[in-house]
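Accompanying notes for the structure given below.
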Amino acid sequence: MTVDSLRTAKPTPDKAAVAPSSTKAVAKKAVAKKAVAKKAVAKKSPAKKAVATSSAPVKAGATKAAARRTATKKADSARLVQFYRDMMLIRRFEERSARAYTEALIGGYCHLNLGEEATVVGLMSALRETDYLFTNYREHGYALMRGIHPNHAMAELYGRVDGVSKGWGGSMHMFDMTHRLLGGYGIVGGQLPLATGAALAINYRGLDEIVMCTMGDGTANIGAFHESLNIAALWSLPVVFVVINNGLGMGTTVAKASAEPEIYKRASAYAMASERVDGLDPVLVADAASRAIESARAGKPFLLEVVCERLRGHSVVDPAKYRSPEEVALVARLDPVPALANRLVKEKILTAAELRHIDEEETARADAADAFARASAVPDVSTLFDYNYATPVANDSRRRPGDPLFPVVARYNVEVAR
Amino acid sequence: MTIKTYRQALHDTLREEMLRDENVFLMGEEIGVFEGSYKITAGLLTEFGDKRVRDTPIAEEGFTGAAIGAAMLGLRPVVEIMTINFSLLALDQIVNHAAKIYGMFGGQAKVPLVIRTPGGGGQQLGATHSQNIELYYAFVPGMKVVAPSTPADAKALLLAAIRDDDPVLFLENLALYNTKGDVPDDDTPAEIGKAKITREGHDLTLIGYSRMAYVARNIAESLAESEGLDIEVIDLMSLRPLDRATLVESVKKTHAAVVLEDDWLTYGIGAEIAATISDGAFDYLDAPVRRVAMAEVPMPYSKNLESAAMPTNDDVVNAIFQTLEAVGRRLKKVGQSHD
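Chains A and B are the protein sequences, given in the same order.
The letter at position 191 of the first sequence is residue 191 when you use our numbering, and the numbering goes up by one with no holes.
The letter at position 82 of the second sequence is residue 1082 when you use our numbering, and the numbering goes up by one with no holes.
Listed below in structure tokens is the structure:
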């Protein structure tokens, strides 16, 4: 497959949410090789069986079957290439935002998906456009994969009017009803009850949609996790809870924070099905997510634990001194982006030049997003109270700091000497 | 008009709104099979089924948050939190989520949620079950907090709250559930953010909300009869937004104010009222604004200590008389008990 034909398969960044779904039809028959991971333990799963079946000896003369297999292989290749392209976009976008952060163009906190790209693209590829996503504050990549244009994601980081949350949310609070990203949330665990409630609304209306709710490993220890899993299981709600286990809650290891460090096992307390999957391989993640989603769509909520690695600190400003040089080196070796690049070359799906070309294109998109964000306007101060209430209300306080409750004189325009 | 209890007015309004809009549904602990700890939801499970009257586990954070999430998708959940004390377990969901979602995401998602919950005290329930912490929610931009004191207002404000697209904390009161009054038969909602002058007068402005608005009316009537005093009574109705103009206009007329509150004195709702009057009617005041509030202790169990911690009618009358004396008014007699 040439790079050109791949480009036509994924036309514009705006339709990024649509493109991965085209590969979904063949997801179940994907031939997945297990990636090398230090701690990933995928449970017995239909995907594994699929691997066994598809690698079984081919009967002579079965041309139809052979044709089908060729088609499957082609689709699998296209899927891998799409994953690579998506992972590359996240990688370059995150690197670009880290740079803008160190240039003080982005404020607040800034948590990156670096090292988690395979997890992000795998999970997001398994969702339908009509499904909902609730996630936490490490959500830039998720926003991109839901189909939000990188320009609008970056503009949000810059706090500009063209930001996906109009500059009101920032890095931690991206939201887009159109693309059904129902929020990045900055409070650990805050999104779980909300996601459960969204699933309740779907259930209430008898719709075929599901909610995916991602969180970090640290979230498994907060009360909202347990209350939400219990309610979801009790009421048979269409929700998939996904724990992104990167081994660290800020600087605290899972072993130090969780009495049961195999987090997926906690689902058993709520009679909920669960699975643990290697988050460094996008195909394994996508297939596991599809199984989890299928379960949720049938009214059986699911807990999926995805084991991955965080390449950098908790946020851009964290040098991660709590990690040993050996650990840092290991994590770098496990980096899923070069791993997938190697696989694409090894399986002769892409050439090195084609890989480079994808990288250049995605780098250009990240750069363009940055340029777009810089050029976007800052919100006007006159809009400060625009989102106080959805239903206008009498006596809503719209006073600027220092304003008297009952102004008897106009506000002075004085320059205060500093 | 029909004479109803505050409880019945709430029940009937919930029922009518559920009949009117199928997006309206109820969630809470013991609201279905048990029919509600205070029986507001009695009979509704039988009438509407468990899809629309949903008993929840004891998980305030979980089910309040779930209601917020359902509201984000356009449903209109009415959550009952058994007493306002237990709302603390849902504080993160209410303050960090319900109140933030509309603004934090640039107006993309509304949260048409009602949280009904009673405050109270004086029932020997001890320190953790006798608090009035509506201030915690009235403090937060993005929230609306209403506190009716009559059956009619309970209906009108509940209608307004359910039809509003923002999260509304609807404060009830254990002591008001059995009070009776005329309730209009039509379904005209109240205007959130507006206070109500429930008795016109010229001598002093007496301000309260929820149970204390009820107390204020009764005391004003009693003092009119016994002392010939002409007290203006304001029922705040809405704690956020706060109708400051009505307060200030009243004090410009009466030149004195006493605020009644069931919460604690320091930093309480009354402090905000006093600051409002100080700002808006400074030149009109003939005496400092006086506040009558709960004693600042964890509520004791023992009846005599509990009674001592709660504002009594005598406490209120004393505050009124002392304020009027500060104004310079000579009162006919002082000291008759009003409790």
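Glycine included, C-beta positions come from ideal geometry on N, C-alpha and C.
Values in this document were obtained by computation on a predicted structure and should not be read as measured data.
Any Cβ of chain B closer than 8 Å to the Cβ of A:T135 would place that residue at the interface, and such an atom is absent. Of the residues A:S268, A:K74, A:A320 and A:N113, the one whose Cα lies closest to the Cα of A:N245 is A:N113. Taking 7 Å as the Cβ-Cβ cut-off, the segment 250 to 283 of chain A has no residue approaching chain B. As computed with DSSP, A:M215 is found in a beta bridge with A:V243.
Shown here for A:K74: not one same chain residue has a beta carbon closer than 7 Å to its own, the five before and five after excluded.
In this structure B:I1068 is buried. Its beta-carbon is surrounded by 16 or more other beta-carbon atoms within 10 angstroms. Closer than 8 Å to the CB of A:P401 there is not a single CB belonging to chain B. By a beta-carbon distance limit of 8 Å, B:A1195 contacts B:L1247. Their separation comes to about 7 Å. As summarised for the segment 96 to 140 of chain A, the continuous beta strand (DSSP E) elements at least 3 residues long and confined to that stretch are 132 to 135, given in chain order.
If the five residues before and after A:V211 are omitted, its C-beta is found closer than 6 Å to the C-beta atoms of Y132, A195, A198, A199 and V239, all from its own chain and listed in chain order. Contact annotation for A:Y204 against chain B: F1025, K1051, A1070 and L1075 [CB-CB distance below 8 Å, chain order]. The segment 298 to 311 of chain A and the segment 105 to 123 of chain A touch, with no fewer than 3 CB-CB distances between them shorter than 8 Å. In the DSSP assignment, A:A273 falls outside any alpha helix (DSSP H) and within the unbroken beta strand (DSSP E) covering A273 to D278. In this structure, B:M1082 sits near B:S1037, with a CB-CB distance shorter than 8 Å.
One alpha carbon belongs to B:E1061, the other to A:T72, and they sit about 46 Å apart. Taking C-beta atoms as the reference points, B:V1317 and B:I1277 fail to come closer than 8 Å. Using a Cβ-Cβ cut-off of 8 Å, A:Y84 does not count as an interface residue toward chain B, since no Cβ of chain B sits closer than that to its own. Interface residue (Cβ-Cβ distance to chain B less than 8 Å): A:G141 is not classified as such. The beta carbon of B:A1160 lies closer than 6 Å to those of P1189, A1190 and I1192 in the same chain, with the five residues before and after it left out. In the DSSP assignment, B:N1173 falls within the beta strand (DSSP E) that extends over V1168 to N1173. In the structure shown, B:M1104 falls within a helical segment according to DSSP collapsed to helix, strand and coil. Apart from sequence neighbours up to five positions away, the residues of its chain that approach B:P1300 with a beta-carbon distance below 7 Å are E1306 and A1309, ordered along the chain. In the three-state reduction of the DSSP assignment, A:S295 falls in the helix class. Rounded to the nearest angstrom, the gap between the Cα atoms of A:V285 and B:I1031 is 41 Å. Per DSSP, reduced to three states, the secondary structure at B:I1162 is helical. Interface with chain A (8 Å Cβ-Cβ cutoff): B:G1028 is excluded. Under DSSP, B:P1118 shares a beta bridge with B:E1172. Non-local beta-carbon contacts of B:L1135 in its own chain, meaning distances under 7 Å to residues more than five positions away in sequence, involve D1263, G1268 and I1269 in chain order. A:V307 sits in a strand when the DSSP states are folded into three classes. Judged by DSSP in its simplified three-state form, B:R1054 adopts strand. Sequence-distant partners of B:A1109 (beyond 5 residues in either direction) whose C-beta falls short of 8 Å from its own C-beta, in its chain, are M1072, I1101 and Y1102. Judged by DSSP secondary structure, A:S228 falls within the alpha helix (DSSP H) whose first and last residues are G223 to L234. Each of B:G1028, B:R1076, B:A1293 and B:D1185 was checked against the Cα of B:K1155, and the nearest Cα belongs to B:D1185. With contacts defined as CB atoms closer than 8 Å, A:S295 and A:A273 qualify as a contacting pair. Judged by DSSP in its simplified three-state form, A:I148 adopts coil rather than helix or strand. Chain-ordered, the chain B residues with CB closer than 8 Å to the CB of A:D396 read G1193 and P1241.
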